[in-house]
Structures are given as structure tokens and as C-alpha cells.
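So the structure is just underneath, and the comments pick up after that.
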Amino acid sequence: MFPSPIQNASPWMRTGYKVLLPVSLVLWLLPLIGVAITSVRPAGDLAAGNYFGMPSGFAGVENYTAVFRDSPIGLYILNSFKVTIPTVIGAVGISCLTGFALAVYRFKGNLVLFFMFVAGNFIPFQILMVPVRDLTLKLGLYDTVTGLVLFHAAFQTGFCTLFMRNFIKGLPFALIESARVEGVSEWKIFRHIVLPLMRPAIAALSVLIFTFVWNDYFWATVLVQGQHAMPVTAGLYSLNGQWVAAWHLVSAGSIIAALPPVAMFFLMQRHFIAGLTLGATKG
Amino acid sequence: MSYSATPPSRRSKNNREWLTPWLFLAPGLFMFIVYVLLPIFQSIWISFHDWDGLGEKVWIGLGNYSELLDDDSFYVSLKNNVIWLLLYLLAIPAGLAVALFLNQSVTGIRLYKSLFFFPFVISQVVVGLIFTWFYAPDFGPFSKLLEWLTGEQLAVLADERYVTYGIIIAGLWPQTAYCMILYLTGLNNINPEQVEAARMDGAKGFKLLWYVVLPQLAPATFIAMVVTVIGSLRSFDLVSIMTAGGPYGSSQVLSYFMFEQALSEYGFRMGYGAAIAVVLFLIMMVFISLFIVRMLVQERNA
Chain U
0 MFPSPIQNAS PWMRTGYKVL LPVSLVLWLL PLIGVAITSV RPAGDLAAGN YFGMPSGFAG
60 VENYTAVFRD SPIGLYILNS FKVTIPTVIG AVGISCLTGF ALAVYRFKGN LVLFFMFVAG
120 NFIPFQILMV PVRDLTLKLG LYDTVTGLVL FHAAFQTGFC TLFMRNFIKG LPFALIESAR
180 VEGVSEWKIF RHIVLPLMRP AIAALSVLIF TFVWNDYFWA TVLVQGQHAM PVTAGLYSLN
240 GQWVAAWHLV SAGSIIAALP PVAMFFLMQR HFIAGLTLGA TKG
Chain F
0 MSYSATPPSR RSKNNREWLT PWLFLAPGLF MFIVYVLLPI FQSIWISFHD WDGLGEKVWI
60 GLGNYSELLD DDSFYVSLKN NVIWLLLYLL AIPAGLAVAL FLNQSVTGIR LYKSLFFFPF
120 VISQVVVGLI FTWFYAPDFG PFSKLLEWLT GEQLAVLADE RYVTYGIIIA GLWPQTAYCM
180 ILYLTGLNNI NPEQVEAARM DGAKGFKLLW YVVLPQLAPA TFIAMVVTVI GSLRSFDLVS
240 IMTAGGPYGS SQVLSYFMFE QALSEYGFRM GYGAAIAVVL FLIMMVFISL FIVRMLVQER
300 NA
């Protein structure tokens, strides 16, 4: 069932494939297409029961303006950026160091530490919820962007360390050895030899962590209560409660909330996929 | 270290060498211990207490756990977690199927691959909202489709019999996309000569897939298993968004049940919540240990 290259197939099959591709894509993305269309649908359509038919006109400008004007979604988006960007910088920066340590040095406990980071990445959030919320309260960071950033950066360090360590293991070790023979200090080896080679890994991880943290909903509800620090995922859900049955607004809000990670994915596609699949190729 | 008798001048340098990795590790280790490692033990400790999150903790030993054994919601959650786990695994063959379908080189195929991956990039909150709306009775397209198929009006998310399955289908959409991308990369690394050779030998169809292609995809399958199993047990967002565990708690899963007990209008029972979390943690540790053992074996072989 491993498909042979379509070029070798009969002309019928080739045409069939070319037709099937867009059809299957439309079916696959039907939910998203529905939302995109609804986000530009005039409110009157919904009142008239026209939920999924052809829109009677284009009301995209009105709907999106209404969402930004009548709801704090602009603030929520800003909060999401304020949480996500420092987290990415923090987690990726820290894990460059930990990944380097675990990949380059042989010392007792190396593997144990490595697998501790790996395992930590897989545990359920609920086992952390009560103590982390308590700690955040005690630090006076409950209901702040900083509280979210600290937790996310710490938690994502697990995945980032796994990633960075495996990446550095794949670099030619001779480079480091010869620098050591020359008497270059360990910090300079890291800073001037290894770090420049880590650029692709840094890019891949940054996109991935951006998406993970942007899309987080659980911690946004656990560590934040008020609007002033609420990320867009939790914000959108609370707006959904206010806009009962105003599906054109909910849809526009959903598109707005989904846009940054989608844009990130499209701009940095190759890095994104390299990041996700690093484990898959390296086993 | 190769030298057996270390001169004193060397020793200080050795000490520094011993210290170097720990200096690199310090910031990451500190954050990880404070926010991940210690909280696990704190949760276990709290699970032996009665605690509202503010006042004094009252030691009640295994009280929370014995209450859990008498709690019907716990068994509903557990049952739903098993359903989630089993059905979520469908994302793996589904992802493989989509990957095989897209593994061609025609114009624009890269764009197709990216667009198929879309559902994974968007937030589960958005996925949950979309599906809730599509399941809406009367006008939701999925409801219409079901009505057409079964001749019956179904309000999937309000029906105790179907609600969990309805949510899982929403979850399978992004998860299939995830597995697909893992397999697409795996397929890129397949040795085409081996496939050709197998074809010459008359292998085709399902046999070719099973004996020649799948073994080469084993690393991708492993990662897909890991992320799917973990993802299914972590399911929180969709349940919270689509039904909040309802109707009448019938779509509860452990992760949401814990949240509801510890931190919602139903009360601040931190101790009870922590006990639920510990149970979920232990279940997941079984799988995590299996994964770690496998990774360890590979590490040894490498």
C-alpha cells in the first residue's frame, strides 16, 4: 500500500489524484472554512437561520471592528504576546545551557538528569496545579503575566533540553576537542563554537514553544483571573459566554486568536516541522 | 580521569572541571526543580490532607483516596479516560493514511501538506468552539449529517451516551494532523531502493506496507504513540470548552474532574483534587516509564 510515484500511474489515476487532493483538503478543513465564512457573515443571516448557506453579503469589516471595539480581545492578544515571547526567550536560552551540559560532559548522573527532563515534559499538568498556584500566590505573582511566564519557561525547559541535547550530540565533537587542546575556556567553547551552530535548533524550538505557549488554556485559567493579564485562549472562552449565539463574533474572535501561531507556522514552516520531527528521525 | 596520582596544582583544575557542567545546568535545573519536581512531591503530600487552599492543612491520611473509591464521578472519569486512550490511538493509522496519500511529488504538494497540518497549529479552545457549534442541534452541519444518516435528531453534546465520543472526534482532528506530519518526515527518510526491490519480489498492497515500509517508519510510530497516549490522558481543554464535563458529569475525565474539585465554583478541595491528580500521575507514569525505558535502550545502543 506504499503508493508508487503518481507519475508512473495511468493518466486516469493522475487526473483522479489531482481532483482528489483539493476535494479532500476542503473536507479536512471544512470546520475552519465554516468559521472563516461565518466571521464575515452579516448578523442578519444568523437571525434568519442562514448559518451555513451562502452569506447574503460581506460583513467582515463590521464583524472584526465590532470584536475589537466591543471586547477586550486586543488586550488579550497583547497579553498572549507578553506571556509567549519572554517564555520563548527564557526556555530556549536556558535549554541551550542545559542541553550543552548534558551533551558535552560526561559526569555522574548525566543520563538521570536527562531523563528527568524528558519525563517532566510528559507529566499531567494537574499534579503541578495546586502547588504551582500556591507558589505563584506566595510570590505575589498570581494574576500576573510574570507568574505565567515563570511557570511556562520552567516547564518548557524539559522539552527544550531534550531537543537541544540531542541536537548538540549530532554536532561534530572533534570541533570541541580541538578547541580544548588549544586551551579555549569551556564558556568560550559554548559561546563561540557551539552556540553559532545551534541556530537552526534555536529557530525550530522558538516556533514550537511559541505555538505551545500561545495555545495554552489550562494555566491561563489556573494562574490568571482578571482581564488585565488574561491570554487570548482563556479570554476567547469567556467572550464565548457573553456572545451567546452571536456566532459571527465568536468566529471572528476565533480567527483572531488563531492567527498568530498560524502566521508563525507559515513563516517558519521548515523550522517548525524540523522541530516537531527531530525526535522522529533521531528515534 | 586518567591520572592516578594527581599533583596538587592539578587538583584545583579538576575541581573546576567537575563543576563546569553544573554551572551550565544551574539555571535550568533550579527552575525545573522549583516548578516541576518539587510540586510533584508537594501534591502527593497535600493529597493526604483536607485543605481549602487558604487555612490550615488537616492530616487525614488516606481519607481522600478512600473517598475517591466511593465517588461515582471518579469511575465515570476513569472509564472516559480509557475510551479517550483507545479511540485516540486511531489518530496513528489515520495520520499514516493521510501521510501516504500526500506522499507524492506533484506541484503544490508542499502547500497541501502544510494546510493539512493546520488543525494542529490552532488552539484547542478554537477547535472546541468550532466543534461545539458544528454539533449544535437543529442547524449544526454535523447534527444535520447525523440526522441524515440515522434519521434521528441528535444533540451529541447533550446526550450522555454520545458526548464523550463527540469530544474525542474533535480531538482526533488535530491529533491526526500531528501524526501525519511525523509520518511524512518518516516517509522522507525511507529507502526507495528497498521499496523497489520488494516490489520486484512481488510484494504489494498491504504486505508491502506491513513488512517493508512500516518497519522503516518505526521511529515515527514510536513518537506518534508517545504524543498520542500522553495527549489522550492530558485531555482537558476540549472537555472544559465543549461540555465542562456535562451533561451531569458524563463527559468527565480525570484531568477535568481534578480541576473541578480543586478550583471551581464547586469548592476548593485542594486535598481531594491533589489525590485525583496523583492517580492520574501514576497512570501516566506507567506509560512514561515504558517510553523512557525504550529511549534508554536506544541511548545505550547509540
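Protein chains in written order, with numbering that gives the first Met the number 0: chain U, 0 to 282; chain F, 0 to 301. We put the CB at the ideal spot given by N, CA and C, even for glycine. These numbers were taken from a predicted model, which means no experiment stands behind them.
Cross-chain neighbours of residue i in chain U, by beta carbon under 7 Å
i, result
"Met30 of chain F", "Ile93, Ala152, Ala153 and Thr156"
CB contact flag (residue i, residue j, <8 Å)
i, j, result
"Leu183 of chain F", "Ala90 of chain F", "no"
"Val131 of chain U", "Ile208 of chain U", "no"
"Lys232 of chain U", "Ala251 of chain U", "One point to set straight first is that residue 232 of chain U is Thr, not Lys, in the sequence displayed. Against a cut-off of 8 Å, the Cβ pair of Ala251 of chain U and Thr232 of chain U comes out as no contact."
"Ile167 of chain F", "Leu86 of chain F", "yes"
"Pro30 of chain U", "Phe133 of chain F", "yes"
"Thr175 of chain F", "Leu88 of chain F", "no"
"Pro173 of chain F", "Val97 of chain F", "no"
Interface residues of chain U facing residue i [CB-CB closer than 9 Å]
i, result
"Ser42 of chain F", "Gln125, Ile126, Leu127, Met128, Val129 and Pro130"
Amino acids of chain F, ordered along the chain, whose beta-carbon sits closer than 7 Å to that of residue i
i, result
"Ala257 of chain U", "Ile121, Ser122 and Val125"
"Leu239 of chain U", "Residue identity differs from the one stated: residue 239 of chain U is Asn in this sequence, not Leu. Here the neighbours are Leu128."
"Glu185 of chain U", "Thr19"
"Val223 of chain U", "The contacting residues do not exist; Val223 of chain U stays about 12 Å from chain F at best."
"Thr160 of chain U", "Gly27"
Member of the options whose CA lies at the smallest distance from the CA of residue i
i, options, result
"Cys95 of chain U", "F:Met199, F:Pro218 and F:Leu24", "F:Leu24"
"Arg268 of chain F", "F:Trp44, F:Asp51 and F:Glu16", "F:Asp51"
"Tyr336 of chain F", "F:Val35, F:Trp17, F:Trp44 and F:Leu28", "The structure shown has nothing for residue 336 of chain F, since chain F only spans 0 to 301."
"Ile272 of chain U", "F:Glu151, F:Phe138, F:Cys178 and F:Val252", "F:Cys178"
"Tyr50 of chain U", "U:Tyr63, U:Ala65, U:Pro21 and U:Gly33", "U:Gly33"
"Leu128 of chain F", "U:Tyr236, U:Ala8, U:Val180 and U:Ala102", "U:Tyr236"
"Leu110 of chain U", "U:Arg68, U:Asn165 and U:Tyr63", "U:Asn165"
"Ala276 of chain F", "F:Gly266, F:Ser254, F:Ala176 and F:Leu68", "F:Ser254"
"Ile122 of chain U", "F:Gln297, F:Trp83, F:Met283 and F:Met294", "F:Met283"
"Arg109 of chain F", "U:Leu24, U:Trp218 and U:Ala118", "U:Leu24"
"Gly119 of chain U", "F:Phe286, F:Arg160 and F:Ala154", "F:Phe286"
"Leu204 of chain U", "U:Asp44, U:Gln268 and U:Met128", "U:Gln268"
"Gln241 of chain U", "U:Lys187, U:Leu29 and U:Asp69", "U:Asp69"
"Gly107 of chain F", "U:Asn7, U:Phe217, U:Lys17 and U:His270", "U:Lys17"
Residue i - DSSP class collapsed to helix/strand/coil
i, result
"Trp242 of chain U", "coil"
"Arg10 of chain F", "At Arg10 of chain F, the pLDDT of 46 sits below 50, so the modelled position is not reliable; the number obtained from the coordinates is stated separately. Arg10 of chain F falls in the helix class under three-state DSSP."
"Gly94 of chain F", "helix"
"Asp236 of chain F", "helix"
"Gly272 of chain F", "helix"
"Asp215 of chain U", "coil"
"Val223 of chain U", "coil"
"Gly282 of chain U", "Legend: pLDDT at Gly282 of chain U = 34, less than 50; position of this residue unreliable, value from coordinates given subsequently. In the structure shown, Gly282 of chain U sits in coil (DSSP, three-state: anything other than H, G, I, E or B)."
"Val252 of chain F", "coil"
"Ser42 of chain F", "helix"
"Ser263 of chain F", "strand"
"Trp50 of chain F", "coil"
"Val57 of chain F", "strand"
"Gly201 of chain F", "coil"
"Pro246 of chain F", "coil"
"Ser1 of chain F", "Here Ser1 of chain F scores only 42 on pLDDT, less than 50, and its place in the model is too uncertain to base an answer on."
"Asn190 of chain F", "coil"
"Leu140 of chain U", "coil"
"Val124 of chain F", "helix"
"Gln215 of chain F", "helix"
"Ser76 of chain F", "helix"
"Val292 of chain F", "helix"
"Phe154 of chain U", "helix"
"Glu61 of chain U", "helix"
"Lys112 of chain F", "helix"
Contacts of residue i in chain U (Cβ-Cβ under 8 Å)
i, result
"Tyr34 of chain F", "Leu127, Val131, Leu134, Leu149, Phe150, Ala153 and Phe154"
"Arg233 of chain F", "Pro123 and Phe124"
"Leu85 of chain F", "Simply none; closest approach about 18 Å."
"Val105 of chain F", "Ile5, Tyr16, Lys17 and Leu20"
"Leu24 of chain F", "Leu96, Thr97, Ala100, Leu101 and Leu112"
Contact set between residue i and chain F, taken where Cβ atoms lie within less than 8 Å
i, result
"Lys81 of chain U", "Going along chain F, no residue has its Cβ under 8 Å from Lys81 of chain U, so there is no contact; the nearest lies around 17 Å."
"Leu24 of chain U", "Tyr111, Leu114 and Phe115"
"Trp246 of chain U", "Trp132"
Closer than 9 Å at the beta carbon, the chain F residues around residue i
i, result
"Leu235 of chain U", "Ser122, Val124, Val125 and Leu128"
"Val261 of chain U", "Phe117, Val120 and Ile121"
"Ser177 of chain U", "Those within 9 Å of Ser177 of chain U in chain F number zero; the least Cβ separation is about 18 Å."
Open item on the list: Does the segment 222-238 of chain F come into contact with the segment 135-154 of chain F, if we say contact requires no fewer than three beta-carbon pairs (one atom in each stretch) closer than 8 Å?
Closed with: No, because fewer than three Cβ pairs between the segment 222-238 of chain F and the segment 135-154 of chain F fall closer than 8 Å, the two stretches do not touch.
Task: the segment 131-150 of chain U contacting the segment 67-74 of chain U, beta-carbon criterion three pairs below 8 Å - done: Judged by Cβ distances under 8 Å, the segment 131-150 of chain U makes no contact with the segment 67-74 of chain U, as fewer than three pairs qualify.
Task: Meets three-Cβ-pair contact criterion under 8 Å: the segment 55-64 of chain U and the segment 76-89 of chain U - done: Output reads no: the segment 76-89 of chain U does not touch the segment 55-64 of chain U.
Open item on the list: Can you confirm whether the segment 121-139 of chain F touches the segment 207-216 of chain U when touching is taken to mean that 3 or more C-beta pairs between the two stretches lie within less than 8 Å?
Closed with: As far as the Cβ criterion goes, the segment 207-216 of chain U touches the segment 121-139 of chain F, which means the pair count is three or higher.
Open item on the list: With three or more beta-carbon pairs closer than 8 Å as the criterion, would you say the segment 192-208 of chain F touches the segment 219-228 of chain F?
Closed with: With a cut-off of 8 Å, the segment 219-228 of chain F and the segment 192-208 of chain F do not count as touching, because too few Cβ pairs lie within range.
TODO: Taking 8 Å as the threshold, find out whether the segment 139-150 of chain U comes into contact with the segment 218-234 of chain U through three or more Cβ pairs.
DONE: Segments in contact, yes.
TODO: Would you check if the segment 187-197 of chain U and the segment 168-179 of chain U touch, i.e. whether three or more CB-CB distances between them fall below 8 Å?
DONE: Result yes; three or more Cβ-Cβ pairs closer than 8 Å.
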